[in-house]
Each structure stands twice: as C-alpha cells, then as structure tokens.
Amino acid sequence: MLSDVEVEILQLNQLSEWQKQVIAAKDNGFSAIVVALYHAVRDDKDQSVDAEELLGWVSANTPVPNFGFWGFSVYNNGNIGGYVLDGYQHGKIAAKMASRILAGEKPENIFPVTDDLGQFMFSRKGLSKWHLTLPKEIEKQTTWVE
36 MLSDVEVEIL QLNQLSEWQK QVIAAKDNGF SAIVVALYHA VRDDKDQSVD
86 AEELLGWVSA NTPVPNFGFW GFSVYNNGNI GGYVLDGYQH GKIAAKMASR
136 ILAGEKPENI FPVTDDLGQF MFSRKGLSKW HLTLPKEIEK QTTWVE
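For the sequence shown, our numbering gives the first residue as 36, with consecutive numbering after it.
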C-alpha cells in the first residue's frame, strides 16, 4: 500500500494470461494498470510476442487507463503516459560504468548507480480517451506525445 493507493504487481509471461488479466482489470477492482515490462511475453507456441503489437492490444482492449514507466511505451496507441525513465540516460550510466571496468576498476568496487531523472510524458489522445486531466503542476512539466 502506497499512501491510500493499493498496488498489486503481476509478473506474467504468457500472452493468454496477459489478455485475461487486462480484460478483467476493472471487474477485479482496478482503476488503472501500469504496463512496465512486456518484451518477454510468449504466445501459446512459445514464440515471442511483438512488443508493439502487445502494447497496441492492451491499449485497444483495456477497460481502465494504461500507464507506463518507459518513454518508448508512451504513444497514441500505447501507454497513455506516466513519469517515465529514458533508456538513453540508462545507456549513458551503463557506458560510464563499463568504462570504469575497462580501465581496471573491479566491478564489486563500483557502487550501484541509479537513474533518478525521469520526466512526465503523456499522449493527448490517450488522456482524451479516458477523459483525464493532468494537475496544472504536472501539465507544465509534461512532454507531449502526439
């Protein structure tokens, strides 16, 4: 429980289970879903599901708004938005750590580095679909995806 927000985390890797959980989200008492990591989902033939197609399916079929953590997942037919992280920034952090290792520093001596630089990113179309309005303070800081 975060404040007065209850969070349930599901780690699903089968497409049929994803679809079942998304479709039942509202009936199960959820007011929103967060689609975090979805690139390892497999179909009934154990084949990888195309990530963009999966996110498009979620967007088209969810009975509640779908938010995300990653900038690449926010677009008109994807997640509607959120406070997102940037893969480019993560790559820069990883490159700096790799450079230190290549220069001879032992990995166990490198303190974990985290990315604390997120940004608000939203799709106007997504917010409109769900009749959502951002608080003014967040709207001023938002990067919009058209």
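Just so you know, even glycine gets a beta-carbon here, dropped at the ideal spot from N, CA and C. These numbers were taken from a predicted model, which means no experiment stands behind them.
### Query
According to DSSP, what are the bridge partners of T178?
Paired residues: M156.
### Query
Quick one: what's got a C-beta closer than 8 Å to E43's C-beta in the same chain, skipping five residues either side?
So the list reads F65, once near-sequence residues are dropped.
### Query
To which residues of the same chain is G106 closer than 6 Å at the C-beta, ignoring the five residues directly before and after it?
Excluding positions up to five away in sequence, the list reads V119, D121, M156.
### Message
Which of the three DSSP states is assigned to I136 in this structure?
### Response
Looking at I136 - three-state DSSP - the assignment turns out to be helix.
### Message
Restricting to Cα atoms, I'd like to know which of G103, V40, N63, Y73 is closest to W53.
### Response
Checking every option, the nearest Cα to that of W53 belongs to Y73.
### Task
Answer with buried or exposed for F102, where buried requires no fewer than 16 other C-beta atoms within 10 angstroms of its C-beta.
It is buried - the Cβ of F102 has at least 16 other Cβ atoms within 10 Å.
### Task
Please classify W105: does DSSP put it in a helix, a strand, or coil?
Looking at W105 - three-state DSSP - the assignment turns out to be strand.
### Task
Quick one: measure Cβ to Cβ for E96 and V57, integer angstroms, because I've assumed they're closer than 8 Å.
Checking the sequence shown, residue 96 turns out to be Asn, not Glu. By a beta-carbon distance limit of 8 Å, N96 contacts V57. Their separation comes to about 6 Å.
### Message
Quick check: the Cα distance between L137 and G91, rounded to an integer number of angstroms?
### Response
Rounded to the nearest whole angstrom, the C-alpha separation of L137 and G91 is 40 Å.
### Task
Could you check what DSSP says for S83 in three-state terms: helix, strand or coil?
In this structure, S83 counts as strand in the three-state DSSP scheme.
### Query
Relative to the alpha-carbon of I128, which residue among G139, R77, D150 has its alpha-carbon at the smallest distance?
Taking only the C-alpha atoms, the option nearest I128 is D150.
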